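This report concerns only the one structure given below.
Right, dumping it as structure tokens:
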């Protein structure tokens, strides 16, 4: 049972336009959400996160929106740049239980920025 | 800057061999994790640890074990490597409740 879903395996966007990556989750216990970016043959790099008490978090060109009622989050990148071409993973965590916080990842979306 | 290092970037082993993957972090993080990444499957959690000598199973622990004797070091052990364990292995660390930082990964091929 996939608890974090990224339904678009790939997305192509023109340079300078907005990229919108989507993510849905099913586990209502998740209270912390993250986006990671991954280049081939490298480890994922943390991009931005959002707590369930917020509905928006912004960091430079990156904004994450959270809609708890719909169990949906999205990552907006504007303007898109060639270096943004990578695989983006959505991840979620339940931080309420104590101990370590393993992340549950989606399968990723391959973003391609076209010149 | 947080630094997570993994002992090898590429590794080739034979079926049945015992394999050790080492991970070291330099930020005094309590939590450490091992994931594997496979095409079309994303990242899947194998094991994690929230303290020295503590370990917890993740989603896919079968065929793996771990060791955490020191806070900064977390080892993944394949007791008897099999071809279906060919994958990219990623180590991560974090403070409790915060984002995880990943190492560069080890591409393991089992022949």
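Residue numbers (the working numbering), protein chains in the order written: chain A, 780 to 894; chain B, 3 to 113. Quick reminder that beta carbons are idealized off the backbone N, C-alpha and C, glycines included. Keep in mind that this is a model prediction, so the values were computed, not measured.
Length of the line joining the Cα atoms of residue i and residue j
i, j, result
"residue 113(B)", "residue 16(B)", "5 Å"
"residue 835(A)", "residue 842(A)", "7 Å"
"residue 79(B)", "residue 32(B)", "20 Å"
"residue 861(A)", "residue 820(A)", "18 Å"
Proximity to residue i [Cα-Cα], best of the options
i, options, result
"residue 884(A)", "109(B), 52(B), 110(B), 101(B)", "101(B)"
"residue 783(A)", "807(A), 837(A), 821(A), 839(A)", "807(A)"
"residue 44(B)", "795(A), 850(A), 791(A), 781(A)", "781(A)"
"residue 110(B)", "72(B), 37(B), 31(B), 55(B)", "37(B)"
"residue 8(B)", "49(B), 60(B), 20(B), 75(B)", "75(B)"
"residue 22(B)", "73(B), 98(B), 66(B)", "66(B)"
"residue 814(A)", "875(A), 871(A), 804(A)", "871(A)"
"residue 785(A)", "864(A), 851(A), 875(A)", "851(A)"
Per-residue DSSP class, three states only, for residue i
i, result
"residue 44(B)", "strand"
"residue 86(B)", "helix"
"residue 863(A)", "helix"
"residue 825(A)", "strand"
"residue 791(A)", "strand"
"residue 803(A)", "strand"
"residue 98(B)", "coil"
"residue 892(A)", "strand"
"residue 34(B)", "strand"
"residue 811(A)", "strand"
"residue 831(A)", "coil"
The ligand GDP heavy atom lying under 6 Å from the CB of residue i
i, result
"residue 786(A)", "Inclusion of the ligand GDP in the displayed structure is not the case, the ligand content being empty and no account of it being possible."
is_contact[residue i, chain E] using C-beta, thresh 7 Å
i, result
"residue 106(B)", "Chain labels in this structure do not include chain E; the protein chains are A and B."
Exposed unless 16 or more other CB atoms sit within 10 angstroms - verdict on residue i
i, result
"residue 789(A)", "exposed"
"residue 796(A)", "exposed"
"residue 792(A)", "buried"
"residue 94(B)", "buried"
- Query: If we count Cβ pairs, one from each stretch, closer than 8 Å, do we get three or more for the segment 795 to 802 of chain A versus the segment 882 to 891 of chain A?
  - Reply: With a cut-off of 8 Å, the segment 882 to 891 of chain A and the segment 795 to 802 of chain A count as touching, because enough Cβ pairs lie within range.
- Task: Check whether the segment 838 to 855 of chain A touches the segment 818 to 825 of chain A, taking contact to mean three or more Cβ pairs, one atom from each stretch, closer than 8 Å.
- Result: No contact exists between the segment 838 to 855 of chain A and the segment 818 to 825 of chain A.
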